[in-house]
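Here is the structure we will look at, set down as structure tokens.
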Amino acid sequence: STVVVDTTKAQRQQECFEDWPYRGKMVKSKRPKSSTSDTTDVLAGMPIASALQNNDTAVLASSIESALAGNDAIVSDIIIEKTSGEAFTGGRSTPVYHVTCLVQRPGMKLPRRRNFVAKLVVMEGDEADAKVGRRRESYAVERRFYDAAAPRLRDGPANLTVPRLLASDRDGSRPWPAVCFLMNDLRAHGFPRHPDFLSVEDVARALRWLAAFHANFFGDAQSEDWRRDLWGRGGFWTGGKDCDGNGIAAQWTQTVRWMQSSHPEWASTSIKNMGQRIQVAAGPVTNFLFGESKGSRGTLIHGDYKAANLFFSNVNVGCNGNGEDSGDGTASVAAVDFQFSGAGLGAEDVAYLLFPDARGHYFDHEEMLLKVYHDEFISCLINQRKGGPSSLSFATFNSFYKLSQLDFTRHLLGKGWVGSTIGDARLVSALNETLRSIDNGDTLGGEGDYMEGIGKMIRVEGQ
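The opening residue of the sequence shown carries number 560 in the working numbering; numbering runs sequentially from there.
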């Protein structure tokens, strides 16, 4: 069971920066540095976090001994290393602490070397600030994920690898100003590879893992614990967790100018007015996806499924040209960071994973990769006796995928995104086709018209 360390009420400080999970081109404000005294106040009553900050190996050893099953372990020779965070386009991921130690138990001739990861995040600021509140709530959601969903992944038919939460300084009962999770280190449990950009073969494996993850929760009733305890709308870009979309049309003009300069062959009239069309369609598309997420085709989504949150084994499970694995693809992947897990459509995680960024795109392999995901998803449903091909046809899944691309682009435009790569140009072309299938190249009258257009798009895809 997970150890929750006793806590005291922490002092709130000012925080004016929120990490943004996307890896694309973006201008960010700078984070003001907190003083040592401020951080110490926030970490009051958090023994694991304080031990990490102060390199107090004695206190950390005691916490690890309490967290390990049986409570008869003796921990020694602790080494604490703080990472600088994984580098990615536009910034770095949250730094973590790598902890190694020797663990001796009764009956063991020699102690065993153990490896742990500690995730410590400090979020000073006024809880009344919506941005601060959302960020804090995201870590409360991750803490609850390890109780409400993780056991089903590890112990159920999916048998998927996620971190095992051993101890935490805070529970998930409220949005705390600081959190600290102590977990097993996946790198020492068969997943040492952590690429910053995924090859096509890695993406295929990641999609198989994702399909099994989605199938495990597919069609769950509204009474399931995870639907109550996690985000009612999964994904960091959804459900009011993101920006105001009123400036989308104005922001789009920069992408149009770039397209006219770099790819004039694609800068058609319909692309020039896409900003206004996306802005008007944004609400109906978001509402449609939300409605579907609550229905029989809804599931639990990861909400931030990207290379930075994936680890791979070194087992040679290569893919051939058809995306077929020579080994067990789901067993070669592990996923981390479930801050934005909650209700959604599987296609939303897929669209985010395949979304182009500054380092590349997957459009040349898109159809194959979508089929890899869908084939694995249907196979998992059959194996779990939860459904079959008619539960979610490939055509319907493909329509959800296209709508999810559109919804995520809406989010990016609200954040200041501007097209800048060949992958972005191909994305714009694909989005235009999706929009045209809904609005025939021009804005529609109201939400009812868009819902009718979306329904028509899905019917046409299925023919």
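For every residue, glycine included, the Cβ atom is placed at its ideal position computed from N, Cα and C.
Asked                                                                                                                                     : Found
For residue 717, the nearest candidate out of 842, 784, 728, 945 (CA to CA)                                                               : 945
Which listed residue (785, 631, 1014) has its alpha carbon closest to that of residue 665                                                 : 631
Inter-residue spacing [alpha-carbon to alpha-carbon] between residue 764 and residue 889                                                  : 6 angstroms
Cβ distance (whole Å) where residue 915 is taken to contact residue 1000 below 8 angstroms                                                : That belief does not hold up - the Cβ atoms of residue 915 and residue 1000 are roughly 24 angstroms apart, past 8 angstroms.
Residue 917 beta carbon near the ligand MN (any heavy atom closer than 8 angstroms)                                                       : As for the ligand MN, it is missing from this structure, which has no ligand bound.
Nearest-angstrom Cβ-Cβ length linking residue 998 and residue 844, presumed shorter than 8 angstroms                                      : Contact flag wrong, Cβ pair sits at about 11 angstroms.
Assigned secondary structure, residue 642 (DSSP; H/G/I helix, E/B strand, else coil)                                                      : coil
Runs of alpha helix (DSSP H) wholly within the region 851–939 (minimum 4 residues, chain order)                                           : 905–913
For residue 779 and residue 583, the rounded distance between their alpha carbons                                                         : Low per-residue confidence applies at residue 583: pLDDT is 34, beneath 50, and the placement is therefore not dependable, though the value from the model is reported in the following sentence. Cα to Cα, residue 583 sits roughly 33 angstroms from residue 779.
Nearest to residue 741 (by Cα), restricted to the options 611, 855, 991                                                                   : 611
Beta-bridge partners of residue 663, as assigned by DSSP                                                                                  : 633
Alpha-carbon to alpha-carbon, residue 637 and residue 669                                                                                 : 16 angstroms
Supposed contact pair residue 771 and residue 719 - C-beta distance, whole angstroms, cut 8 angstroms                                     : 6 angstroms
Beta strand (DSSP E) runs contained entirely in the region 661–731, provided each spans 3 or more residues                                : 671–681, 724–727
Inter-residue spacing [alpha-carbon to alpha-carbon] between residue 1021 and residue 849                                                 : 21 angstroms
Three-state secondary structure (DSSP) of residue 822                                                                                     : coil
Rounded straight-line distance, which links the Cα of residue 977 to that of residue 785                                                  : 36 angstroms
Counterpart residues of residue 742 in DSSP-defined beta bridges                                                                          : 676, 724
DSSP-derived helix/strand/coil call for residue 603                                                                                       : coil
Cβ pair residue 795, residue 730 closer than 9 angstroms                                                                                  : no
Residue 788 to residue 802 span [Cα, whole Å]                                                                                             : 24 angstroms
Collapsed DSSP secondary structure at residue 989 in the structure displayed                                                              : helix
Environment of residue 733 [buried if 16+ CB atoms lie within 10 Å]                                                                       : exposed
CB contact flag (residue 847, residue 905, <9 angstroms)                                                                                  : no
Collapsed DSSP secondary structure at residue 657 in the structure displayed                                                              : strand
Beta-carbon contacts of residue 831 that lie in its chain and below 8 angstroms, excluding the five residues immediately before and after : 815
Residue closest to residue 834, alpha-carbon to alpha-carbon, out of 812, 604, 957                                                        : 812
Spatially closest choice to residue 895 from 868, 714, 928, 715, by CA coordinates                                                        : 868
Helix, strand or coil at residue 1034 according to DSSP, with G and I counted as helix                                                    : Nothing can be reported for residue 1034: it is not among the residues displayed for the chain, which extend from 560 to 1022.
Between the CA atoms of residue 722 and residue 706 - distance to the nearest angstrom                                                    : 12 angstroms
Classification of residue 809 by the beta-carbon crowding that lies within 10 angstroms, buried from 16 upward                            : exposed
Residues bridged to residue 737 [DSSP beta-bridge criterion]                                                                              : 681
Exposure of residue 689, with buried meaning 16 or more beta-carbon neighbours within 10 Å                                                : exposed
Cβ pair residue 775, residue 711 closer than 9 angstroms                                                                                  : yes
Same chain only: Cβ atoms within 8 angstroms of residue 620, ignoring 5 sequence neighbours per side                                      : 634, 635, 637, 660
Bridge-paired residues (DSSP) for residue 752                                                                                             : 871
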